[in-house]
Amino acid sequence: MQDKETKIIVSCMGVLFLVGATTYYIVLNDRQMKQRKRARASQKQAFHLLQQIKRDQEKIEKDILNTIDIENDHHNVKKIEYTLAQCNELLLQLLERIDAIRPKDAIITAVQEDMDDIERIATPFETELIQQIKDRKRRIIQSIQRDFDRVDQCKQQLLHISSSSSSSSSIV
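Its first residue numbered 842, the sequence shown is counted upward by one per residue in our numbering.
What follows is the structure, given as structure tokens:
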């Protein structure tokens, strides 16, 4: 009789252990899924901000290219100088905006809201998301740098045009 009771108790303990382990696995899996969702939402938000910056950069690039087209016009020198100065300022503002996007802070902070104030190491999934944001930032920064170079080239050409027009006017 006691053997039967012992078997029942051991069986119940085994079932309780399996239920506990299954519950632990489900809760852990649920936390990981929520963590991934928050990380993806943060990545999506960062990508949205980067996309806005990229659109602004493309508008500025278009203005610069339009300025290059009218550079040989001696009558619009002041207008071209103003446009180039404005483009330069807008590019600086874009760099400030892009600098405000911190990939690691965006992903880790969003995930860490549920946890205590423990400093946490990024999971491989989060590290991949962070790297994707960094790569996109790097590409946008390179295109902004290319636009800065174009503005500098335009300024040099404009300086050359204005100096050649002033020397030709002094000859006459």
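A virtual CB, placed ideally from N, CA and C, is assigned to each residue, including glycine. None of the values given here were measured: they were computed from a predicted structure.
Extent of the continuous alpha helix (DSSP H) to which residue i belongs
i      : result
Ala941 : Per DSSP, Ala941 belongs to no alpha helix (DSSP H) and is neither H nor E.
Rounded separation between residue i and residue j - CA only
i       : j       : result
Val918  : Lys903  : 18 Å
Val992  : Arg943  : 27 Å
Ile1012 : Ser1004 : Low per-residue confidence applies at Ile1012: pLDDT is 47, beneath 50, and the placement is therefore not dependable, though the value from the model is reported in the following sentence. Between Ile1012 and Ser1004, the C-alpha separation is close to 12 Å.
Val851  : Tyr866  : 22 Å
Ile985  : Gln892  : 13 Å
Val860  : Arg979  : 49 Å
Gly855  : Thr864  : 14 Å
Phe858  : Val868  : 15 Å
Ala882  : Lys875  : 10 Å
Asp897  : Gln873  : 36 Å
Arg977  : Lys878  : 20 Å
His916  : Ile1002 : 11 Å
Asn907  : Ala926  : 14 Å
Arg994  : Thr924  : The displayed chain sequence assigns Gln, not Arg, to residue 994. The straight-line gap from Cα to Cα measures roughly 14 Å.
Pro965  : Asn870  : 16 Å
Residue i and residue j closer than 7 Å at C-beta
i      : j       : result
Ile982 : Ile894  : no
Ile905 : Asp990  : no
Ala947 : Ala887  : yes
Ile901 : Cys928  : yes
His921 : Leu1000 : The identity of residue 921 in the sequence shown is Ile, whereas the question assumes His. No, the Cβ-Cβ distance between Ile921 and Leu1000 is not below 7 Å.
For residue j and residue i, believed in contact at Cβ under 8 Å, the rounded distance
i      : j      : result
Ala880 : Glu937 : Contact flag wrong, Cβ pair sits at about 26 Å.
Lys832 : Ile971 : Residue 832 is absent from the structure shown; the chain starts at 842 and stops at 1013.
Ile974 : Gln884 : 6 Å
Short CB-CB distance (under 7 Å) between residue i and chain C
i      : result
Glu937 : Among the protein chains of the structure shown there is no chain C, as only one such chain exists.
Original post:
Are the segment 926–946 and the segment 843–863 in contact at 8 Å, needing three or more beta carbon pairs?
Top reply: Output reads no: the segment 843–863 does not touch the segment 926–946.
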